[in-house]
Amino acid sequence: MSKTSRSLDSETDQRAAEYVLGTLEGDARAEFGARLETEPLLRAAVQEWEERLAGLGNDQGAAGPPDGLWDKIDARIDALDPQSTMTIRAGRGEWSEIGPGVEWKILHVDQVCGQRSLLLKLAPGACYPAHDHSGVEECMIIEGDMIIGDLQLHAGDYHVAQAGTRHEAVTSEKGGLVFIRQAA
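Start counting at 1 in the sequence shown, then tack on 8, and there's your number in this note's numbering.
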């Protein structure tokens, strides 16, 4: 591991590698590119990844795939029902700030049922204001804690708010990660 890589957290170093490989896309790529203009350590990490990966683009002497491989891959893809499964890895997806110390990552939106699944991340001391529920909201505390008014919830606890109910302010003492299913 290089000196620059050791100075960055692993997620930022991974983003630098994804940036160089071209697998970081959309808003995430644009945001990373903007950071490169102002963060010398990040530029150094990108340069190190470019140097480490420089030989990968060299196709001299590279053999192509065996005959018929692409046809086999296409047949496997065609056989899959793209709607039947979806996986979002822990380090993937985009977190959006919805309040000070409060972020969410939308995992899935079911247009047919009018529901969405998301992860809510609460920083220690975070507070999300009181709010009304237009539809049913289910919460499962994955780690840490979440406090709704006087109700304290911890990892493994489940909570449901029915449509038309009001949540008091949501806070967290130690920080928490919550799985939520709610009306979209």
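Cβ coordinates follow ideal geometry from the N, Cα and C atoms, glycine included.
Can you name the residues that DSSP bridges to residue i?
i	result
Y166	M148
E111	E105 and K129
Y136	V178
R37	None; R37 has no bridge partner.
Please classify residue i: is it buried, with 16 or more other beta-carbons within 10 angstroms of its beta-carbon, or exposed?
i	result
W78	exposed
E145	buried
M2	In the structure as shown, the chain begins at 9 and stops at 192. Residue 2 is therefore absent and cannot be evaluated.
V168	exposed
A53	buried
V120	exposed
E176	exposed
L159	exposed
R84	exposed
R97	exposed
D153	buried
L161	buried
Taking residue i and residue j to be in contact with their CB atoms under 8 angstroms, please state how far apart those CB atoms are, rounded to whole angstroms.
i	j	result
G184	I156	Not confirmed; about 11 angstroms, so no contact.
R174	D140	5 angstroms
A171	Q123	A171 to Q123, Cβ: 12 angstroms. No contact.
D127	F187	Note that residue 127 is Leu in the sequence shown here, rather than Asp. Rounded, the Cβ-Cβ distance is 6 angstroms, consistent with contact.
A134	E151	No, A134 and E151 are not in contact; Cβ-Cβ is about 14 angstroms, not under 8 angstroms.
Name the residue from the options whose alpha carbon lies nearest to the alpha carbon of residue i.
i	options	result
R60	A25, F40, E181 and T93	A25
A131	A138, C121 and I106	I106
T31	G109, L161 and R100	R100
S92	Q160, A134, D118 and D35	D118
S125	A138, C147 and A134	C147
R51	G143, Y27, L115 and P108	Y27
D21	G34, E47 and D35	E47
Are the beta-carbon atoms of residue i and residue j separated by less than 8 angstroms?
i	j	result
E102	K129	no
L194	L49	The question about residue 194 has no answer, for the chain in this structure spans 9 to 192.
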